[in-house]
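Each residue of the sequence shown is one higher than the one before, counting from 18 in the numbering used here. Yeah, the Cβ is synthetic: ideal placement off N, Cα and C, and Gly gets one too. Shown next, in C-alpha coordinates, is the structure this report addresses.
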Amino acid sequence: MKILVAEISGKRPGGKDKRPTEKFNTKYDHVIISNNSENYTTDWPIIMIPDDYLNWYKENVRQSKKMWYAQMNRSYAIKYAKENGYDYLIQLDDNIKKLEIAYEFDYGSIKKKYQYMYSHKDDGILDDFIDCEIAVLENTNAVMCGLNLAGVSVPGNIVLKERYVYSFFALKLNSCPEIFHGDFEDDIEYRLKCAQMNLPVIQISFMKYSKISQKKTGDKTGCRGEYDRAGIKRGENMTKLYSDVYKASMKMNGSAITQERKTKKFRHDLKAFEIGACIYDYEKIKNQFRSVLKKRAKEAKRRIIIKEKRLKNG
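Here you go:
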(Lines of atoms letter the chains of each structure in order from A; the text may use other names.)
(Lines give C-alpha, C1' and ligand atoms only; values in the text may rest on other atoms or scores of the structure.)
Protein backbone atom coordinates (compact mmCIF):
# COMPACT_ATOMS: atom_id res chain seq x y z
CA MET A 18 0.00 0.00 0.00
CA LYS A 19 1.47 3.33 -1.11
CA ILE A 20 0.29 6.67 0.27
CA LEU A 21 1.10 10.14 -1.04
CA VAL A 22 0.49 13.30 0.99
CA ALA A 23 -0.07 16.33 -1.24
CA GLU A 24 -0.33 19.89 0.03
CA ILE A 25 -2.41 21.92 -2.42
CA SER A 26 -0.90 25.40 -2.60
CA GLY A 27 -0.44 28.33 -4.93
CA LYS A 28 0.58 31.98 -4.58
CA ARG A 29 1.33 31.76 -0.85
CA PRO A 30 5.05 32.69 -0.68
CA GLY A 31 7.17 32.33 2.45
CA GLY A 32 7.77 29.45 4.82
CA LYS A 33 5.93 27.55 7.53
CA ASP A 34 4.54 30.74 9.01
CA LYS A 35 2.58 31.29 5.80
CA ARG A 36 1.81 27.60 5.17
CA PRO A 37 1.53 26.12 8.68
CA THR A 38 0.51 22.68 7.37
CA GLU A 39 4.21 22.06 6.73
CA LYS A 40 4.91 22.29 10.47
CA PHE A 41 3.36 18.83 10.80
CA ASN A 42 5.80 16.06 9.95
CA THR A 43 4.88 12.86 8.13
CA LYS A 44 6.57 9.55 7.45
CA TYR A 45 4.76 9.24 4.13
CA ASP A 46 5.94 10.56 0.77
CA HIS A 47 4.89 14.19 0.63
CA VAL A 48 4.90 16.95 -1.98
CA ILE A 49 3.45 20.38 -2.69
CA ILE A 50 1.29 20.51 -5.82
CA SER A 51 1.36 24.08 -7.09
CA ASN A 52 0.60 26.30 -10.06
CA ASN A 53 2.68 29.13 -8.60
CA SER A 54 5.34 28.53 -5.91
CA GLU A 55 7.44 31.63 -6.45
CA ASN A 56 9.44 32.59 -3.32
CA TYR A 57 8.41 29.48 -1.39
CA THR A 58 10.77 28.41 1.40
CA THR A 59 10.23 24.75 2.20
CA ASP A 60 11.85 21.34 2.53
CA TRP A 61 8.82 19.68 0.88
CA PRO A 62 9.43 18.75 -2.79
CA ILE A 63 7.42 21.00 -5.10
CA ILE A 64 5.62 19.54 -8.11
CA MET A 65 4.67 22.28 -10.55
CA ILE A 66 1.69 21.84 -12.87
CA PRO A 67 3.14 21.01 -16.33
CA ASP A 68 2.24 23.35 -19.17
CA ASP A 69 0.59 20.58 -21.18
CA TYR A 70 -1.74 19.71 -18.27
CA LEU A 71 -2.48 23.38 -17.58
CA ASN A 72 -3.47 23.91 -21.21
CA TRP A 73 -5.56 20.74 -21.24
CA TYR A 74 -7.39 21.77 -18.07
CA LYS A 75 -8.08 25.26 -19.41
CA GLU A 76 -9.44 23.93 -22.69
CA ASN A 77 -11.47 20.99 -21.36
CA VAL A 78 -12.43 21.59 -17.74
CA ARG A 79 -12.14 25.24 -16.75
CA GLN A 80 -15.44 27.09 -16.48
CA SER A 81 -14.14 30.45 -15.29
CA LYS A 82 -11.35 32.89 -16.05
CA LYS A 83 -10.81 33.51 -12.34
CA MET A 84 -11.47 30.61 -10.02
CA TRP A 85 -9.93 27.38 -11.24
CA TYR A 86 -6.33 27.13 -10.00
CA ALA A 87 -7.04 25.20 -6.79
CA GLN A 88 -9.32 22.80 -8.63
CA MET A 89 -6.66 22.23 -11.27
CA ASN A 90 -4.04 21.56 -8.59
CA ARG A 91 -6.34 19.06 -6.89
CA SER A 92 -7.03 17.31 -10.18
CA TYR A 93 -3.37 17.12 -11.10
CA ALA A 94 -2.52 15.73 -7.66
CA ILE A 95 -4.80 12.76 -8.45
CA LYS A 96 -3.19 12.28 -11.86
CA TYR A 97 0.34 12.55 -10.44
CA ALA A 98 -0.37 10.08 -7.63
CA LYS A 99 -1.94 7.50 -9.93
CA GLU A 100 0.84 7.74 -12.50
CA ASN A 101 3.43 7.21 -9.76
CA GLY A 102 1.84 4.04 -8.42
CA TYR A 103 0.16 5.32 -5.26
CA ASP A 104 -2.97 3.64 -3.90
CA TYR A 105 -4.18 6.50 -1.70
CA LEU A 106 -3.83 10.27 -1.88
CA ILE A 107 -4.07 12.64 1.09
CA GLN A 108 -4.93 16.20 0.08
CA LEU A 109 -4.17 18.97 2.59
CA ASP A 110 -4.85 22.68 2.41
CA ASP A 111 -1.69 24.66 3.18
CA ASN A 112 -3.14 26.69 6.07
CA ILE A 113 -4.07 23.99 8.62
CA LYS A 114 -2.93 25.17 12.05
CA LYS A 115 -4.37 22.67 14.56
CA LEU A 116 -5.50 19.06 14.79
CA GLU A 117 -7.88 17.97 17.53
CA ILE A 118 -9.59 14.93 18.99
CA ALA A 119 -13.00 15.40 20.59
CA TYR A 120 -14.19 12.89 23.17
CA GLU A 121 -16.00 12.64 26.49
CA PHE A 122 -14.47 12.10 29.87
CA ASP A 123 -16.43 10.96 32.87
CA TYR A 124 -16.32 12.49 36.35
CA GLY A 125 -18.66 9.84 37.71
CA SER A 126 -22.10 11.41 37.46
CA ILE A 127 -20.83 14.25 35.28
CA LYS A 128 -19.90 13.82 31.64
CA LYS A 129 -18.18 16.55 29.73
CA LYS A 130 -17.12 16.84 26.13
CA TYR A 131 -13.46 17.61 25.85
CA GLN A 132 -11.41 18.73 22.88
CA TYR A 133 -7.82 17.63 23.09
CA MET A 134 -6.05 20.28 21.07
CA TYR A 135 -2.69 20.14 19.37
CA SER A 136 -0.69 22.86 17.78
CA HIS A 137 2.36 22.08 15.69
CA LYS A 138 4.12 19.21 17.40
CA ASP A 139 6.38 16.65 15.82
CA ASP A 140 4.63 13.79 17.60
CA GLY A 141 3.06 11.96 14.67
CA ILE A 142 -0.49 13.28 14.98
CA LEU A 143 -0.74 14.00 11.24
CA ASP A 144 0.09 10.37 10.45
CA ASP A 145 -2.31 9.14 13.15
CA PHE A 146 -5.13 10.98 11.41
CA ILE A 147 -4.00 9.76 7.99
CA ASP A 148 -3.88 6.15 9.21
CA CYS A 149 -7.46 6.44 10.46
CA GLU A 150 -8.67 7.82 7.13
CA ILE A 151 -6.93 5.02 5.24
CA ALA A 152 -8.42 2.40 7.58
CA VAL A 153 -11.88 3.71 6.69
CA LEU A 154 -11.19 3.62 2.94
CA GLU A 155 -9.67 0.15 3.11
CA ASN A 156 -12.64 -1.32 4.94
CA THR A 157 -15.60 0.45 3.31
CA ASN A 158 -16.85 1.23 -0.19
CA ALA A 159 -16.19 4.96 0.34
CA VAL A 160 -13.83 6.70 -2.08
CA MET A 161 -13.25 9.79 0.07
CA CYS A 162 -12.73 10.12 3.82
CA GLY A 163 -12.13 13.32 5.74
CA LEU A 164 -12.29 15.06 9.10
CA ASN A 165 -14.62 17.39 10.96
CA LEU A 166 -14.04 21.16 10.94
CA ALA A 167 -13.38 22.41 14.47
CA GLY A 168 -16.04 24.73 15.84
CA VAL A 169 -18.67 23.79 13.27
CA SER A 170 -20.34 20.77 14.81
CA VAL A 171 -20.08 18.61 17.91
CA PRO A 172 -19.60 14.94 17.06
CA GLY A 173 -21.65 13.60 19.96
CA ASN A 174 -21.80 9.81 19.74
CA ILE A 175 -21.26 9.73 15.98
CA VAL A 176 -18.03 8.10 14.89
CA LEU A 177 -18.51 7.81 11.12
CA LYS A 178 -21.00 9.79 9.07
CA GLU A 179 -21.72 10.47 5.41
CA ARG A 180 -20.95 14.18 5.26
CA TYR A 181 -19.10 16.81 3.24
CA VAL A 182 -15.37 16.90 3.96
CA TYR A 183 -12.85 19.62 3.21
CA SER A 184 -9.20 20.60 3.50
CA PHE A 185 -7.89 17.33 4.99
CA PHE A 186 -9.13 14.23 3.19
CA ALA A 187 -8.03 10.92 1.69
CA LEU A 188 -8.95 9.54 -1.73
CA LYS A 189 -9.09 5.93 -2.93
CA LEU A 190 -7.32 6.30 -6.26
CA ASN A 191 -8.61 3.19 -8.01
CA SER A 192 -12.21 4.38 -7.88
CA CYS A 193 -12.48 8.11 -7.05
CA PRO A 194 -13.45 10.75 -9.67
CA GLU A 195 -10.38 12.21 -11.37
CA ILE A 196 -11.43 15.85 -11.79
CA PHE A 197 -12.29 18.80 -9.54
CA HIS A 198 -14.16 21.35 -11.64
CA GLY A 199 -13.43 25.08 -11.66
CA ASP A 200 -15.93 27.89 -11.01
CA PHE A 201 -17.75 25.73 -8.48
CA GLU A 202 -17.52 25.12 -4.74
CA ASP A 203 -14.79 22.59 -5.46
CA ASP A 204 -14.91 20.27 -2.44
CA ILE A 205 -18.72 20.36 -2.34
CA GLU A 206 -19.05 19.73 -6.07
CA TYR A 207 -16.69 16.78 -5.78
CA ARG A 208 -18.84 15.09 -3.14
CA LEU A 209 -21.98 15.66 -5.20
CA LYS A 210 -20.18 14.19 -8.18
CA CYS A 211 -19.35 11.13 -6.06
CA ALA A 212 -23.04 10.86 -5.10
CA GLN A 213 -24.05 10.86 -8.74
CA MET A 214 -21.66 7.93 -9.21
CA ASN A 215 -23.11 6.19 -6.11
CA LEU A 216 -19.78 6.54 -4.27
CA PRO A 217 -19.97 7.34 -0.53
CA VAL A 218 -17.94 10.06 1.21
CA ILE A 219 -17.33 9.50 4.93
CA GLN A 220 -16.33 11.89 7.70
CA ILE A 221 -14.54 10.81 10.90
CA SER A 222 -16.56 13.02 13.20
CA PHE A 223 -14.41 13.03 16.34
CA MET A 224 -11.21 14.03 14.53
CA LYS A 225 -10.99 17.72 13.74
CA TYR A 226 -8.82 20.33 12.07
CA SER A 227 -8.79 24.12 12.12
CA LYS A 228 -7.29 26.58 9.66
CA ILE A 229 -6.03 30.16 9.67
CA SER A 230 -9.10 32.34 9.95
CA GLN A 231 -9.67 34.59 6.96
CA LYS A 232 -12.15 36.66 8.96
CA LYS A 233 -9.74 37.29 11.85
CA THR A 234 -6.54 37.74 9.85
CA GLY A 235 -7.85 39.29 6.64
CA ASP A 236 -5.79 36.71 4.74
CA LYS A 237 -6.15 37.21 0.97
CA THR A 238 -3.20 35.12 -0.14
CA GLY A 239 -3.41 31.91 -2.10
CA CYS A 240 -6.75 31.15 -3.71
CA ARG A 241 -8.80 33.22 -1.27
CA GLY A 242 -8.32 36.39 -3.26
CA GLU A 243 -9.42 34.55 -6.38
CA TYR A 244 -12.50 33.27 -4.55
CA ASP A 245 -13.47 36.81 -3.55
CA ARG A 246 -13.02 38.10 -7.08
CA ALA A 247 -15.09 35.23 -8.45
CA GLY A 248 -17.92 36.23 -6.11
CA ILE A 249 -21.30 34.53 -6.11
CA LYS A 250 -21.01 33.12 -9.65
CA ARG A 251 -19.55 29.86 -8.44
CA GLY A 252 -22.49 29.46 -6.06
CA GLU A 253 -24.96 30.35 -8.81
CA ASN A 254 -23.48 27.70 -11.05
CA MET A 255 -23.68 25.12 -8.29
CA THR A 256 -27.34 26.03 -7.71
CA LYS A 257 -28.16 25.41 -11.36
CA LEU A 258 -26.49 21.99 -11.37
CA TYR A 259 -27.48 20.74 -7.91
CA SER A 260 -30.61 22.69 -6.96
CA ASP A 261 -32.06 19.68 -5.14
CA VAL A 262 -29.36 19.78 -2.45
CA TYR A 263 -27.57 23.13 -2.86
CA LYS A 264 -28.71 26.75 -2.81
CA ALA A 265 -26.59 29.92 -2.93
CA SER A 266 -27.84 33.37 -1.95
CA MET A 267 -26.80 36.82 -0.80
CA LYS A 268 -27.93 37.85 2.67
CA MET A 269 -28.24 41.49 3.71
CA ASN A 270 -26.69 42.27 7.08
CA GLY A 271 -26.56 45.49 9.08
CA SER A 272 -28.86 48.42 9.70
CA ALA A 273 -31.62 49.35 7.28
CA ILE A 274 -31.27 52.99 8.26
CA THR A 275 -28.18 53.88 6.26
CA GLN A 276 -26.91 52.22 3.12
CA GLU A 277 -23.34 52.64 4.36
CA ARG A 278 -24.00 50.24 7.21
CA LYS A 279 -25.45 47.54 5.01
CA THR A 280 -23.24 44.67 3.92
CA LYS A 281 -23.93 41.74 1.66
CA LYS A 282 -22.78 38.33 2.80
CA PHE A 283 -22.62 35.23 0.62
CA ARG A 284 -24.12 32.09 2.07
CA HIS A 285 -24.85 28.63 0.83
CA ASP A 286 -27.30 26.03 2.09
CA LEU A 287 -26.59 22.31 1.83
CA LYS A 288 -29.07 19.55 2.43
CA ALA A 289 -27.84 16.47 4.23
CA PHE A 290 -28.06 13.28 2.25
CA GLU A 291 -26.75 9.73 2.37
CA ILE A 292 -26.37 7.22 -0.42
CA GLY A 293 -25.44 4.32 1.88
CA ALA A 294 -21.96 3.24 2.85
CA CYS A 295 -21.04 -0.42 3.19
CA ILE A 296 -18.55 -1.37 5.94
CA TYR A 297 -16.67 -4.58 5.28
CA ASP A 298 -14.72 -4.90 8.53
CA TYR A 299 -15.70 -2.51 11.31
CA GLU A 300 -13.37 -4.20 13.80
CA LYS A 301 -10.31 -3.15 11.81
CA ILE A 302 -11.56 0.44 11.75
CA LYS A 303 -12.32 0.41 15.48
CA ASN A 304 -8.93 -1.07 16.30
CA GLN A 305 -7.21 1.73 14.40
CA PHE A 306 -9.31 4.33 16.18
CA ARG A 307 -8.67 2.68 19.56
CA SER A 308 -4.92 2.75 19.05
CA VAL A 309 -4.99 6.48 18.32
CA LEU A 310 -7.34 7.30 21.20
CA LYS A 311 -5.27 5.22 23.60
CA LYS A 312 -2.18 7.11 22.48
CA ARG A 313 -3.75 10.57 22.52
CA ALA A 314 -6.42 10.70 25.20
CA LYS A 315 -5.28 11.83 28.63
CA GLU A 316 -6.87 10.70 31.85
CA ALA A 317 -9.19 13.29 33.33
CA LYS A 318 -8.02 14.12 36.84
CA ARG A 319 -10.47 15.02 39.57
CA ARG A 320 -10.05 18.56 40.80
CA ILE A 321 -11.46 20.63 43.63
CA ILE A 322 -11.50 24.35 42.96
CA ILE A 323 -11.89 26.69 45.96
CA LYS A 324 -12.61 30.35 45.39
CA GLU A 325 -12.59 33.04 48.04
CA LYS A 326 -15.29 35.67 47.81
CA ARG A 327 -15.40 38.68 50.06
CA LEU A 328 -18.77 39.94 51.18
CA LYS A 329 -19.67 43.60 51.35
CA ASN A 330 -19.35 45.04 54.84
CA GLY A 331 -17.73 41.83 55.88
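Could you say which of Tyr259, Phe290, Ala94, His198 lies nearest to Glu76 if we only look at CA atoms?
Along the sequence shown, read from residue 1 onward, the residue named residue 76 stands at position 59. Closest option to Glu76, Cα to Cα, is His198.
With which residues is Gly31 paired in a DSSP beta bridge?
Looking up residue 31 in the sequence shown gives position 14. Note: Gly31 sits in a beta bridge opposite Tyr57.
Let me know the secondary structure DSSP gives Leu310 once reduced to three states.
Counting from 1 along the sequence shown, the entry for residue 310 is found at position 293. The answer is helix: DSSP assigns Leu310 an H, G or I state.
Look up Glu39 in the DSSP assignment and say whether it is helix, strand or coil.
In the sequence shown, residue 39 corresponds to position 22, counting from 1. Residue state, collapsed to three classes: helix.
Taking the Cβ atom as the reference point for each residue, do Lys19 and Gly141 lie within a distance shorter than 8 Å?
Working through the sequence shown from its first residue, we reach residue 19 at position 2. Working through the sequence shown from its first residue, we reach residue 141 at position 124. No, they are not a contact pair.
Measuring CB atoms only, is the stretch 210–221 touching the stretch 156–167, in the sense that at least three cross pairs come out at less than 8 Å?
yes
Could you spell out the range, first to last residue, of the alpha helix (DSSP H) harbouring Met89?
The sequence position of residue 89 within the sequence shown is 72, counting from 1. Note, Met89: alpha helix (DSSP H), 86–100.
Could you check if Ile292 is buried or exposed, using at least 16 other CB atoms within 10 Å of its CB as the buried criterion?
Counting from one through the sequence shown, the residue named residue 292 turns up at place 275. Ile292 is exposed by the Cβ-count criterion.
Answer yes if the stretch 105–123 comes into contact with the stretch 29–41, meaning at least three C-beta pairs across the two stretches below 8 Å, and no otherwise.
yes
For Ile107 and Phe185, what's the separation of their Cα atoms in angstroms?
In the sequence shown, counting from the first residue as 1, residue 107 sits at position 90. In the sequence shown, counting from the first residue as 1, residue 185 sits at position 168. Whole-angstrom Cα-Cα distance: 7 Å.
Kindly indicate which three-state DSSP category Glu155 falls into: helix, strand or coil?
Taking the first residue of the sequence shown as 1, we reach residue 155 at position 138. Three-state result, Glu155: helix.
Can you name the start and end residues of the beta strand (DSSP E) that Glu76 belongs to?
On the sequence shown, position 59 is the one that residue 76 refers to. Here Glu76 belongs to no beta strand (DSSP E); instead the alpha helix (DSSP H) covers 68–77.
How many angstroms separate the CA atom of Asn52 from the CA atom of Asp145?
Working through the sequence shown from its first residue, we reach residue 52 at position 35. Working through the sequence shown from its first residue, we reach residue 145 at position 128. So the alpha carbons of these two residues sit roughly 29 Å apart.
Tell me, which residues are paired with Leu106 by DSSP?
Working through the sequence shown from its first residue, we reach residue 106 at position 89. Paired residues: Leu21, Leu188.
Measuring CA to CA, which of Ala167, Tyr57, Ile229, Leu71 is closest to Tyr408?
In the structure as shown, the chain starts at 18 and stops at 331, and residue 408 therefore has no counterpart that could be examined.
Residue interval of the beta strand (DSSP E) (run including Ile64):
Against the sequence shown, residue 64 aligns to sequence position 47. Element bounds for Ile64: 63–65.
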